[in-house]
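**Q**
Residue numbers (my numbering): 25 to 814.
What follows is the structure in structure tokens.
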């Protein structure tokens, strides 16, 4: 591999054989392609409108003039909560066979009072005639139309003259399952949508009620009592829809109804007074009706606010006021289908993840198996308010990207200073660059940016709703469909890119992570390149080599690396032309990556966001600085600055007063000179280079300095973050912190308006981060004390 031997500032061009290729980021910056059209909340830029993708597996491109093959899947529903109405399994029939990791995937819906476990199971194929498909579509349009609209006005318009179309459309069937083995579709229930009162008695030759059979007068006409049981009825006098679950033989129109004021009135007189209706069949038994359920978003986390699910209160209905819409269909079937929009939205998102995964792996030379659920997690934002979201994978991917870019730049530009390396790294890993790369690879159309709204769900087969499916290629061999447009923040696209890096890395290892980086245009490698430093020193003359190697549990092959790692810029000697900064640049990325991977692997069950918080509390200059003082590394730094000597002395005194058991977190009330934290990173960089880029050896040496490591139980949020979340939860108004600086001292004032009171605190520190941390901590403490008293 060729490396750049140009001296900084020489003006010579970079060599053409650079192993890191900056084409993508250079184009993004030079051609000014990151153009933002408007600004969202908090100054976040929006990218121009992007497509909303729809999976091709749920789209029909063929006419249905002949029998059609459908793949059948059983949606098994396991009820993990108490409810008077049981749930039933549902059959999903699709034109396409699903990926194995989707079929075998279980997930939970959040239901008040508990959860509902969903399991998809493949059960074979079925040939359906056009008439069967038409009947099935009428069923799901009728059932979902009632559930979504709670009315029948639009439904009658849709079903009037309904026929199968030959246009591009969403095509899949959702049908009730049969309890009998071998017949997974309950066609008797499906045909309930074809119910006609005119034909009901004519075709009714066998009655399941046998000796109890009798005719009931309904608004639709005369029916056998068995047909009114387990039916869906509409009452025109009030526009309501009910599921009839039984016949109340002891009650009729002359029976008494207890009113709210405690008085009694007959049902006959009640309907006359309230609705102006004269009941004609006063001896008919009343019907027991249940209000139909409401379709909700059951994917949202933290729905379990009640111990028990709400009960569906029954009503008593005179049969002559009831117009039958569907029969026979049970209340349990209606209840089960209220979960279907959430289930299908989840499945639709998984299918998009499948298509994205296949697009990214097209023409891949390596055998990489990335679980669909990982890709799904990488394209799900926090705004979706689901149990999965992008943050943990994005944190992992971010750390790997920084590590890969930093070590590549370090190897490639061996004679450039840390400032140049940092600038180049920022160009590579910046949100602007990652957003550009993500957009170039059509990523925004896959990203899930909003919580599911059941009202926006399109009933399959219902072509009355105005939606258009436009085919769009996402690769040379793969297409998806566009169903609309949306605005996506640039940071959202960048986070998805990082999360996809994390998805590939966490399941396929570093080779898969490098494969993804290469796929989107970031060229890096992990080849071992000798570090050409062009100077040697006698380390024993300058540092206590034996003590440091014992402390680090590492013997240097090139001890001059140790000297470089401990040399401050103020320590100038002819034989030491470099300070610690280049090694600190590299060690920073290596440690960040190592610690992030450690937390990710050790605590796989962490909720999204916890990984970010744990890394934030462990990977920062204060933590490293405290570790440096705790183990006496400050005594070995080579410097001549009197001002730095003064700062280190103060920092050591303050640390000794704290008597902290750990060095992570936010307990320190004073700031530390940057060099104290940087020296831990530069030592990590020195060991990384000296060991032949062996990052595991780095962790073995540096981890003991950081012990005890943070755990989910010992982690505390940064006071600023905790204050913001506390104010959001309690609906308090937190003002923007006021920053000022006087004579080199930073001042930060934090104010919160809560319940008519003003909570305010001003803190002083040598840097604004520490001042803000202390001010937020005091305001948070006052707020908690105030709310606990009330």
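Heads up, the beta-carbon is just placed ideally off N, CA and C, and yes, glycines get one too.
Here the structure is a predicted model, which means the values were calculated and not measured.
By DSSP, does residue 773 sit in helix, in strand, or in coil?
**A** It is a strand residue.
**Q** What do you get for residue 246, buried or exposed, if any count of 16 or more other CB atoms within 10 angstroms of its CB means buried?
**A** Classification of residue 246: exposed, given that the 10 Å Cβ count is below 16.
**Q** In terms of residues, what are the limits of the alpha helix (DSSP H) holding residue 786?
**A** No alpha helix (DSSP H) contains residue 786, which is instead part of the beta strand (DSSP E) from 781-789.
**Q** In three-state terms, what does DSSP make of residue 350?
**A** Looking at residue 350 - three-state DSSP - the assignment turns out to be strand.
**Q** On the criterion of 16 or more Cβ atoms from any shown chain inside 10 Å, does residue 743 qualify as buried, or is it exposed?
**A** So residue 743 counts as buried.
**Q** Enumerated in chain order, which unbroken segments of the beta strand (DSSP E) with a length of 3 residues or greater are wholly contained in the segment 624-699?
**A** Here no run is fully enclosed.
**Q** Using 8 angstroms as the threshold, is the segment 651-658 in touch with the segment 673-688, meaning 3 or more CB pairs across them?
**A** Taking 8 angstroms as the limit for Cβ pairs, the verdict is that the segment 673-688 does touch the segment 651-658.
**Q** Note down, one range per segment and in chain order, each alpha helix (DSSP H) of at least 4 residues found wholly within the segment 346-405.
**A** Qualifying alpha helix (DSSP H) stretches, in chain order: 355-361, 364-385 and 396-402.
**Q** Decide if residue 579 is buried, meaning its Cβ has at least 16 other Cβ atoms within 10 Å, or exposed.
**A** Exposed is the call here.
**Q** Let me make sure I understand the geometry here. Which of 480, 550, 339 and 286 has the alpha-carbon closest to that of residue 312?
**A** Comparing Cα-Cα distances from residue 312 to each of 480, 550, 339 and 286, the minimum goes to 339.
**Q** Do three or more CB pairs link the segment 565-581 to the segment 710-730 at distances below 8 angstroms?
**A** A contact exists between the segment 565-581 and the segment 710-730.
**Q** Measure the alpha-carbon distance for residue 437 versus residue 192 and round it to whole angstroms.
**A** Each residue's Cα considered, the two are about 55 angstroms apart.
**Q** Taking Cβ positions, are residue 661 and residue 590 nearer each other than 8 angstroms?
**A** Contact flag set, yes.
**Q** Would you kindly work out how many angstroms separate the C-alpha atoms of residue 134 and residue 707, rounded to a whole number?
**A** So the alpha carbons of these two residues sit roughly 48 angstroms apart.
**Q** Any idea if residue 491 is buried or exposed, counting beta-carbon neighbours within 10 angstroms, 16 or more meaning buried?
**A** When all chains shown are included, residue 491 counts as exposed.
**Q** Between the alpha carbons of residue 808 and residue 794, how many angstroms are there, rounded?
**A** The straight-line gap from Cα to Cα measures roughly 21 angstroms.
**Q** Return yes when the Cβ of residue 346 is within less than 8 angstroms of the Cβ of residue 259, no when it is not.
**A** It is a contact, given that the beta carbons lie within the stated cut-off.
**Q** Since I believe residue 776 is in contact with residue 796 (beta carbons under 8 angstroms), could you give me their beta-carbon distance rounded to a whole number of angstroms?
**A** Not a contact, Cβ separation roughly 14 angstroms.
**Q** Going by other Cβ atoms of all chains shown within 10 Å of its Cβ, with 16 needed for buried, is residue 753 buried or exposed?
**A** Looking at its Cβ environment, which holds fewer than 16 other Cβ atoms inside 10 Å, residue 753 is exposed.
**Q** Quick one: what's got a C-beta closer than 6 angstroms to residue 406's C-beta in the same chain, skipping five residues either side?
**A** Hits under 6 angstroms: 413.
**Q** Can you check the segment 449-521 for any beta strand (DSSP E) of at least 3 residues that lies completely inside it and give the ranges in chain order?
**A** Fully enclosed beta strand (DSSP E) runs of 3 or longer: 494-497 and 503-510.
**Q** List the whole-angstrom C-beta distance separating residue 276 from residue 308, where the pair is believed to meet the contact cut-off of C-beta under 8 angstroms.
**A** So it is a contact: roughly 6 angstroms between Cβ atoms.
**Q** Check each candidate in 341, 425, 127 and 602 and name the one with the smallest Cα separation from residue 265.
**A** Cα-wise, what sits closest to residue 265 is 341.
**Q** The alpha helix (DSSP H) that contains residue 195, what's its start and end?
**A** Here residue 195 belongs to no alpha helix (DSSP H), and DSSP marks it neither H nor E.
**Q** According to DSSP, what are the bridge partners of residue 110?
**A** BP columns for residue 110 are empty, so no partner.
**Q** Could you tell me whether the segment 602-620 touches the segment 667-681, where touching means 3 or more Cβ pairs closer than 8 angstroms?
**A** At 8 angstroms Cβ cutoff, the stretches do not touch.
**Q** Assign residue 290 to one of three DSSP states: helix, strand, or coil.
**A** Residue 290 falls in the strand class under three-state DSSP.
**Q** Indicate whether residue 520 and residue 452 have their beta-carbon atoms separated by less than 8 angstroms.
**A** No, they are not a contact pair.
**Q** Counting pairs of beta carbons, one from the segment 527-546 and one from the segment 419-429, are three or more of them closer than 8 angstroms?
**A** The segment 527-546 vs the segment 419-429: in contact.
**Q** Compare the beta carbon distance of residue 815 and residue 648 with 8 angstroms and say whether it is the shorter of the two.
**A** This structure cannot settle anything about residue 815, because the visible part of the chain is limited to 25 through 814.
**Q** Determine the DSSP secondary structure at residue 622, reduced to helix, strand or coil.
**A** Helix, per DSSP.
**Q** Please report the residue range of the alpha helix (DSSP H) in which residue 125 lies.
**A** Element bounds for residue 125: 124-127.
**Q** If you compare alpha carbons, which of 592, 733 and 619 is closest to residue 666?
**A** When only C-alpha atoms are compared, the closest one is 592.
**Q** Relative to the C-alpha of residue 769, which residue among 315, 790, 269 and 318 is closest?
**A** Closest by alpha carbon: 790.
**Q** Given a cut-off of 8 angstroms on the beta-carbon distance, is the pair residue 449 and residue 428 in contact?
**A** Result no, Cβ atoms of residue 449 and residue 428 do not sit closer than 8 angstroms.
**Q** So if DSSP puts residue 132 in a beta bridge, which residue, or which two residues, is it bridged to?
**A** Answer is 141.
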